[in-house]
Amino acid sequence: MRDMPDALMLFAAGFGTRMGALTRHRPKPLVEVAGRPLIDHALDLVRGAGIGRTVANIHYLGDQVVRHLAGTGVAISDESDRILETGGGLRKALPLLGPGPVFTLNTDAVWSGPNVLTALRAAWNPARMGALLALVPADRAIGHGPKGDFSVAPDGRLTRGGDYVYTGAQIIDPAGLADIPDPAFSLNLLWDRLADEGRLHGMIYQGDWCDVGHPESIPLAEAMTHV
């Protein structure tokens, strides 16, 4: 089993409800920022980091995502019958991702600055970490509300509540998913377990990040990327 991640899960199955009319007839990963679908912005990071294997899960209007990704080499984990949330979706995709720790990346954000995946890889220490989450201070989280998700200890360990926002990029060892009985569940279950073990860690991202979860964030993301 490899200790360093070389596979990535793109979360692309969500309904995009907060996008309103923009996702009535297209999935959120295909909503455009600066003239390009959100999922293409995510793939720029993947390619820039030289990651060897990429899998995207699909559910809502998934056929559009499949057509868009045709010819890119991205494998598809099909959740058309039932959406499995982040934890269940990652577990279903593991045969395609291979053994060992993996990157996961949400497709509803835009980044400007250092490649967050490269930074995560450089900071990853499997001897101490079960997951390493990329975070930004809440006051630098563009398009996001004022509330943070985590506090960061001096040694990088995370606890719930605080002034840091999870950006949707991480490295995680998925071994702990095996014994969760429900088919559909959030990765929060595994995060909480890892936090109790002192193995949930955070890395502060040094660039700019915009949460593109609702239409009002699109011009913010475009301004951030100077478009």
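Residue numbers (my numbering): 31 to 257.
Virtual Cβ for every residue (Gly too), placed ideally from N, Cα, C.
Because the structure is a prediction, the values reported are computed rather than measured.
**Message:** Given this structure, state the Cα-to-Cα distance separating I113 from P213, to the nearest angstrom.
**Reply:** Numbered from 1 along the sequence shown, position 83 holds the residue referred to as residue 113. Numbered from 1 along the sequence shown, position 183 holds the residue referred to as residue 213. Spanning the two alpha carbons is a distance of roughly 9 Å.
**Asked** Name the DSSP beta bridge partners of R83, please?
**Response** Along the sequence shown, read from residue 1 onward, the residue named residue 83 stands at position 53. Looking at the DSSP assignment, R83 forms a beta bridge with A37.
**Prompt:** How big is the Cα-Cα spacing for E252 and A64?
**Reply:** By one-based count along the sequence shown, residue 252 stands at place 222. By one-based count along the sequence shown, residue 64 stands at place 34. Straight-line Cα distance between these residues: approximately 6 Å.
**Request:** Please state whether DSSP places V96 in a helix, a strand or coil.
**Result:** Position 66 of the sequence shown, counted from the start, is the residue given in the question as residue 96. DSSP places V96 in helix when its eight states are reduced to three.
**Collapsed DSSP secondary structure at N145 in the structure displayed** = Residue mapping note: residue 145 aligns to position 115 of the sequence shown, counting from 1. Three-state DSSP puts N145 in coil, outside helix and strand.
**Request:** Quick one: grab the DSSP three-state call for P167.
**Result:** Taking the first residue of the sequence shown as position 1, residue 167 is located at position 137. DSSP places P167 in strand when its eight states are reduced to three.
**Prompt:** When DSSP builds the beta bridges, which residues end up paired with W239?
**Reply:** The sequence position of residue 239 within the sequence shown is 209, counting from 1. W239 pairs with W141, A171.
**Prompt:** Taking Cβ to Cβ, would you say T53 is nearer than 8 Å to V140?
**Reply:** Residue numbering aside, residue 53 sits at position 23 when the sequence shown is read from its first letter. Residue numbering aside, residue 140 sits at position 110 when the sequence shown is read from its first letter. Not in contact: T53 and V140 (Cβ atoms no closer than 8 Å).
**Request:** Output yes or no for whether 8 Å exceeds the beta carbon distance between D238 and I172.
**Result:** For the purposes of this step, residue 238 is taken as residue 208 along the sequence shown, with counting starting at 1. For the purposes of this step, residue 172 is taken as residue 142 along the sequence shown, with counting starting at 1. It is a contact, given that the beta carbons lie within the stated cut-off.
**Request:** Write down every uninterrupted run of the alpha helix (DSSP H) in the stretch 94–135 whose length is 4 residues or greater and which is fully enclosed by it, in chain order.
**Result:** 115–127
**chain D contact for D169 (CB, 8 Å cutoff)** = The chain labelled as chain D is not found in the depicted structure, where only one protein chain is given.
**Item:** Inter-stretch contact at 8 Å, needing at least 3 Cβ pairs: the stretch 192–200 / the stretch 136–154
**Value:** Short answer: they touch.
**Three-way DSSP call (helix, strand, coil) for S247 in this model** = Reading the sequence shown from its first residue, position 217 is the one you call residue 247. S247: helix per DSSP, three-state reduction.
**Message:** Rounding to the nearest angstrom, what Cα-Cα distance links A225 and G130 in this structure?
**Reply:** Within the sequence shown, residue 225 is the residue found at index 195, counting from 1. Within the sequence shown, residue 130 is the residue found at index 100, counting from 1. When rounded, the distance between both Cα atoms is 19 Å.
**Request:** Put T255 into one of helix, strand or coil per three-state DSSP.
**Result:** For the purposes of this step, residue 255 is taken as residue 225 along the sequence shown, with counting starting at 1. Reduced to three states, the DSSP call for T255 is coil.
**Asked** Along the chain, which unbroken stretches of the alpha helix (DSSP H) at least 4 residues long are found entirely within the stretch 171–242?
**Response** 218–226
**Request:** Kindly indicate which residue of L120, R66, G82, I81 has the alpha-carbon position closest to the one of A42.
**Result:** If you number the sequence shown from 1, residue 42 lands on position 12. Minimum Cα distance to A42 is reached at L120.
**Message:** Among G50, I201, D169, V182, whose alpha-carbon lies nearest the alpha-carbon of L162?
**Reply:** Within the sequence shown, residue 162 is the residue found at index 132, counting from 1. Comparing Cα-Cα distances from L162 to each of G50, I201, D169, V182, the minimum goes to I201.
**Request:** Keeping to the same chain, check which residues put their C-beta closer than 8 Å to that of P67; ignore five residues upstream and five downstream.
**Result:** If you number the sequence shown from 1, residue 67 lands on position 37. Excluding residues within five positions, the ones whose Cβ falls inside 8 Å are P59, L60, V61, H98.
**Asked** Under a three-way DSSP split, which group does P57 fall into?
**Response** Locating residue 57 in the sequence shown gives position 27, where the first residue counts as 1. Coil at P57, not helix or strand.
**Message:** Going by DSSP in three states, R151 sits in which element: helix, strand or coil?
**Reply:** Residue mapping note: residue 151 aligns to position 121 of the sequence shown, counting from 1. Reduced to three states, the DSSP call for R151 is helix.
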